[in-house]
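As they're listed, the protein sequences go chains C and X.
Quick note: the first sequence, position 194, residue 196 per this note's numbering, numbers continuous.
Quick note: the second sequence, position 24, residue 74 per this note's numbering, numbers continuous.
Report on the structure given below.
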Amino acid sequence: MNVVTRGIRNALRSPVRSGAIIIMLAISIGLIVAMLVARASVNTKIDEVKSSTATTVTISPAGIRGGMGGGDPLTAEQISTITNTANIKSTVSTLTDQLGTDDTNLTPSLELGSFGQRQQRFEGGGNSSGTMPQPPADEGQSGASTSAQRTMPTPRTSITGTTDPNSAATNGSVLTITSGAMIDGKGDTTTALVGKSLAEKNSLSPGSTFTAYGKTFTVSGIYDAGNVFENNGLIMPLATLQNLTEQAGAVTSVIATVDSSDNVASTVSTLKTRLGDKADVTSQQEQAASSVSSLQSISTLATTGVIGATVAAAAIVLLTTTMIVRERRREIGVIKAIGGTNTKVIGQFITEAITLTVLGGIIGLTFGVLASGSITQSLVSNQATNNANSQQRGMGGPSGVIRGGARAVQENVRSVSATVKPETFFGAIGITILIAIIGSAVPAWLIARVRPAEVLRTE
Amino acid sequence: MSLTVTNLTKTFTTHGGEVHALHDVSFSVKTGEFASIIGKSGSGKSTLLSMLGALDIPTSGQIEVDDVDIAKLSAHNQTAYRSKKIGFVFQHYNLIPNLSALENVMLALEFGGAPSKDRKDRAAELLAEVGLEPDQQKRKPSRLSGGQQQRVSIARALANHPAVILADEPTGNLDSETGKKIFDLLHNLSRSENTTIIAVTHDLDIAGKTDRTFKLQDGKIVKA
Ligand SMILES: Nc1ncnc2c1ncn2[C@@H]1O[C@H](COP(=O)(O)OP(=O)(O)O)[C@@H](O)[C@H]1O
Ligand SMILES: [Mg+2]
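Right, here's the structure in full:
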């Protein structure tokens with residue numbers, strides 16, 4: 003028998019009380035583990051979201067959003083201003099246009115529906131790209147008939163000329179090519195990627211040809227951007243579209259990648275000053291920030307939980323050992339009187355506290371790890387739902403690309419999975435040991451102050 | 051001379067002022083002698099024992115045990131002194147409740163520095179010497195009678211061959227018959243082991259049979 007075995011035996015001296023203490027400790031430690039896991043998982047997610055969205059800046063001409071609105075596209079000069087701005091690593095330039103039925107032999111895959119008709123009724127009387135091919139004019143009906151006839155609105159095919167076709171991906175990464183090959187966005191060939199729906203409608207496959215702007219295009223590949231609107235489109239090299247639409251150098255959107263997420267804010271403000279009121283500059287970082295902030299609040303909540311549970315557990319051990327020391331004051335005096343050193347008595351009590359903590363810790367760690375998955379999940383889904391609701395209402399400003407990005411972030415945010423990493427586990431064990439030490443320090447001090455002469459006093 | 055006390059004074063400072071528990075006490079006890087201390091409650095008997103046992107430090111004066119002044123020992127050396135040179139026997143036995151009789155004696159052996167492999171045999175031998183049967187040796191104190199508990203505590207006091215055994219009213223909690231047996235046990239041991247024993251007692255019969263008797267009154271020795 004030695005100090006350690008005596009300590010362990012003392013821990014089990016009154017089974018009911020020890021059991022109660024162990025259960026209380028197990029609950030606290032279980033909570034600590036679950037909160038640590040939630041925190042680590044959420045933090046991993048935050049880093050992931052930040053690093054995937056943090057470095058892009060979108061520049062669009064003032065007044066133009068995704069091919070709508072009015073104003074002038076960005077000029078070649080402005081593009082070189084952007085490219086030459088410090089910290090900008092790379093840029094993707096995009097020009098969008100819409101093909102009416104007289105510009106192409108393709109049939110749009112989208113039905114106009116009531117929304118589409120309303121959109122186009124303003125242009126109905128016009129005679130530009132939106133009009134139907136005129137039926138051959140009959141004798142006698144010539145002249146007035148053309149202007150009198152109100153053309154029926156028709157759906158259009160959206161066309162994107164871009165230096166990087168992957169920028170059309172709605173998931174923020176790589177565009178899915180379902181068949182055929184990618185095109186080189188930096189070239190000026192008459193090849194194109196065709197959206198899945200548009201390809202089906204027109205029975206196109208890689209190698210097929212179609213006409214647009216009076217030129218014959220070859221289908222290089224079919225893409226699936228993940229939504230019906232995008233899949234009714236064509237993607238071709240930027241230069242090709244610029245040449246065909248006689249807008250050399252013009253661009254309707256630039257996505258610039260900044261070298262580090264720390265430089266995004268300063269780059270945005272530099273670009274704003276340089277481009278003046280000709281362009282709108284927005285960053286995904288600002289968009290991601292609101293999604294990340296909900297995760298950050300979960301992380302903060304979890305940290306608070308960890309601290310709270312640690313304090314509670316330390317208090318339990320502290321009160322317990324203090325109570326035990328008071329109860330065994332005489333016994334401590336006797337041990338000292340018969341030659342036990344302070345170190346031995348304190349060692350015995352610390353062993354006792356550690357035994358209780360370890361037993362509580364084993365139970366707590368087990369249950370904490372088992373429960374951490376569902377706790378993390380419920381924390382995250384509650385928060386993400388709240389956040390999604392508030393985000394949806396405020397939407398409308400940012401461009402399509404950012405909207406897609408923000409949606410992707412939002413989806414991403416919900417998919418936090420709780421993983422128990424070794425460092426989290428060891429962190430929990432560390433905290434448990436800390437609890438035992440804090441919880442034993444005060445009793446140890448009390449023990450050192452017990453005077454052995456007290457045992458001779460008999461009142 | 052095994053134990054010499056010179057001009058020993060102990061003053062406690064309390065809220066109500068100073069209490070002179072011991073005042074200029076001097077006496078000496080020879081090796082192997084059985085001395086008793088008598089006196090009214092509050093006369094300073096326990097205080098004197100706590101000074102002799104290095105449980106507390108005197109205000110002034112010397113206590114020499116085998117030519118070492120224990121009043122001047124450091125706290126660490128006081129503990130070592132208690133574990134090796136002193137054996138305590140208390141009125142309330144003061145055994146550790148969750149240890150068996152055997153383990154209680156082994157605990158003292160541990161503190162006295164006995165090698166761990168020898169402790170069990172030595173403890174059993176000591177308990178047999180004070181008259182405890184092997185099956186009683188395995189019992190916790192709560193399952194032993196007062197007399198048996200006091201025997202265990204005497205075995206514990208003897209464990210490390212102390213120079214002095216200090217007993218504070220060792221028979222105070224026992225009926226007179228058991229008390230007499232315990233007293234006889236102490237008496238025989240002081241003879242066979244040649245151990246000095248200083249016992250506080252209220253029982254004048256017992257005091258009369260010891261080698262010497264000191265009477266304390268208001269912290270002073272009035273009869274030696
Ligand atoms: N730790 C202490 N603090 C204050 N006064 C004490 C203390 N110990 C003993 N005394 C006082 O010293 C006197 C002697 O006490 P004690 O030695 O216990 O007497 P006895 O054992 O003879 O009954 C008493 O008046 C007691 O109240
Ligand atoms: Mg007394």
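The beta carbon of each residue, even a glycine, is placed where N, CA and C say it ideally should be.
Small disclaimer: the values here were computed from a predicted structure and weren't measured.
Within its chain, find whatever has a CB closer than 7 Å to the CB of residue i; leave out the 5 residues flanking it on each side and keep chain order.
{"i": "residue 346(C)", "result": "5"}
{"i": "residue 140(X)", "result": "203 and 218"}
{"i": "residue 20(C)", "result": "13, 14 and 358"}
{"i": "residue 233(X)", "result": "221 and 256"}
{"i": "residue 176(X)", "result": "155, 205, 208 and 209"}
{"i": "residue 332(C)", "result": "457"}
{"i": "residue 314(C)", "result": "30"}
{"i": "residue 26(C)", "result": "318"}
{"i": "residue 250(C)", "result": "244"}
{"i": "residue 376(C)", "result": "none"}
How would you label residue i, buried or exposed, when you count the other beta carbons within 10 angstroms and need 16 or more for buried?
{"i": "residue 58(X)", "result": "buried"}
{"i": "residue 127(C)", "result": "The predicted position of residue 127(C) is uncertain, since its pLDDT is 47 and thus under 50; no value can be drawn from it."}
{"i": "residue 166(C)", "result": "buried"}
{"i": "residue 17(C)", "result": "exposed"}
{"i": "residue 328(C)", "result": "exposed"}
{"i": "residue 437(C)", "result": "buried"}
{"i": "residue 146(C)", "result": "Note that residue 146(C) scores a pLDDT of 46, beneath 50, so its modelled location is shaky; the value from the coordinates is reported in the next line. It is exposed - the Cβ of residue 146(C) has fewer than 16 other Cβ atoms within 10 Å."}
{"i": "residue 212(C)", "result": "buried"}
{"i": "residue 229(C)", "result": "exposed"}
{"i": "residue 272(X)", "result": "exposed"}
{"i": "residue 62(X)", "result": "exposed"}
Measuring alpha carbon to alpha carbon, tell me which residue in the options is nearest residue i.
{"i": "residue 279(C)", "options": "242(C), 75(C) and 191(C)", "result": "75(C)"}
{"i": "residue 84(X)", "options": "238(X), 227(X) and 115(X)", "result": "238(X)"}
{"i": "residue 38(C)", "options": "370(C), 107(C), 440(C) and 358(C)", "result": "370(C)"}
{"i": "residue 81(X)", "options": "54(X), 68(X) and 98(X)", "result": "54(X)"}
{"i": "residue 281(X)", "options": "145(X), 167(X) and 165(X)", "result": "Because chain X is modelled from 51 through 274, residue 281(X) falls outside the range shown and cannot be assessed."}
{"i": "residue 300(X)", "options": "187(X), 130(X) and 115(X)", "result": "As displayed, chain X neither begins before 51 nor continues past 274, which places residue 300(X) out of reach and without an answer."}
{"i": "residue 115(C)", "options": "91(C), 73(C) and 158(C)", "result": "158(C)"}
{"i": "residue 293(C)", "options": "310(C), 45(C) and 317(C)", "result": "45(C)"}
{"i": "residue 113(C)", "options": "315(C), 231(C) and 423(C)", "result": "231(C)"}
{"i": "residue 216(C)", "options": "454(C), 428(C), 104(C) and 60(C)", "result": "104(C)"}
{"i": "residue 434(C)", "options": "360(C), 183(C), 303(C) and 374(C)", "result": "360(C)"}
{"i": "residue 89(C)", "options": "261(C), 225(C), 422(C) and 164(C)", "result": "261(C)"}
Do residue j and residue i come within 8 Å of each other at the CB atom, strictly closer than that value?
{"i": "residue 351(C)", "j": "residue 295(C)", "result": "no"}
{"i": "residue 258(C)", "j": "residue 80(C)", "result": "no"}
{"i": "residue 97(C)", "j": "residue 244(C)", "result": "yes"}
{"i": "residue 236(C)", "j": "residue 170(C)", "result": "no"}
{"i": "residue 297(C)", "j": "residue 204(C)", "result": "no"}
{"i": "residue 28(C)", "j": "residue 420(C)", "result": "no"}
{"i": "residue 3(X)", "j": "residue 226(X)", "result": "Any property of residue 3(X) remains undetermined from this structure, which presents chain X solely from 51 to 274."}
{"i": "residue 214(C)", "j": "residue 177(C)", "result": "no"}
{"i": "residue 97(X)", "j": "residue 135(X)", "result": "no"}
{"i": "residue 208(C)", "j": "residue 222(C)", "result": "yes"}
{"i": "residue 247(X)", "j": "residue 254(X)", "result": "no"}
{"i": "residue 277(C)", "j": "residue 83(C)", "result": "yes"}
{"i": "residue 191(C)", "j": "residue 247(C)", "result": "no"}
{"i": "residue 94(X)", "j": "residue 266(X)", "result": "yes"}
{"i": "residue 234(C)", "j": "residue 63(C)", "result": "no"}
{"i": "residue 126(X)", "j": "residue 223(X)", "result": "no"}
{"i": "residue 423(C)", "j": "residue 42(C)", "result": "yes"}
{"i": "residue 201(C)", "j": "residue 224(C)", "result": "yes"}
With a CB to CB cut of under 8 Å and the five nearest residues on each side skipped, what residues in its chain are close to residue i?
{"i": "residue 344(C)", "result": "338, 449 and 450"}
{"i": "residue 192(X)", "result": "147"}
Ordered along the chain, which non-local residues of its own chain (more than five positions away) have a Cβ less than 6 Å from that of residue i?
{"i": "residue 262(X)", "result": "85"}
{"i": "residue 254(C)", "result": "66, 75, 97 and 98"}
{"i": "residue 12(C)", "result": "354"}
{"i": "residue 33(C)", "result": "311"}
{"i": "residue 399(C)", "result": "Any reading at residue 399(C) must be qualified, since the residue scores a pLDDT of 35, below 50, and its modelled position is unreliable; the value itself is stated next. Here the set comprises nothing."}
{"i": "residue 229(X)", "result": "221"}
Check the C-beta distance from residue i over to residue j and give it rounded, since I have them as a contact under 8 Å.
{"i": "residue 128(X)", "j": "residue 119(X)", "result": "Rounded, the Cβ-Cβ distance is 12 Å, inconsistent with contact."}
{"i": "residue 285(C)", "j": "residue 58(C)", "result": "7 Å"}
{"i": "residue 197(C)", "j": "residue 239(C)", "result": "Wrong, their Cβ atoms sit about 16 Å apart, outside the cutoff."}
{"i": "residue 367(C)", "j": "residue 430(C)", "result": "6 Å"}
{"i": "residue 161(X)", "j": "residue 340(C)", "result": "6 Å"}
{"i": "residue 52(C)", "j": "residue 263(C)", "result": "6 Å"}
{"i": "residue 169(X)", "j": "residue 182(X)", "result": "16 Å between Cβ atoms; not a contact."}
{"i": "residue 251(X)", "j": "residue 107(X)", "result": "Not a contact, Cβ separation roughly 26 Å."}
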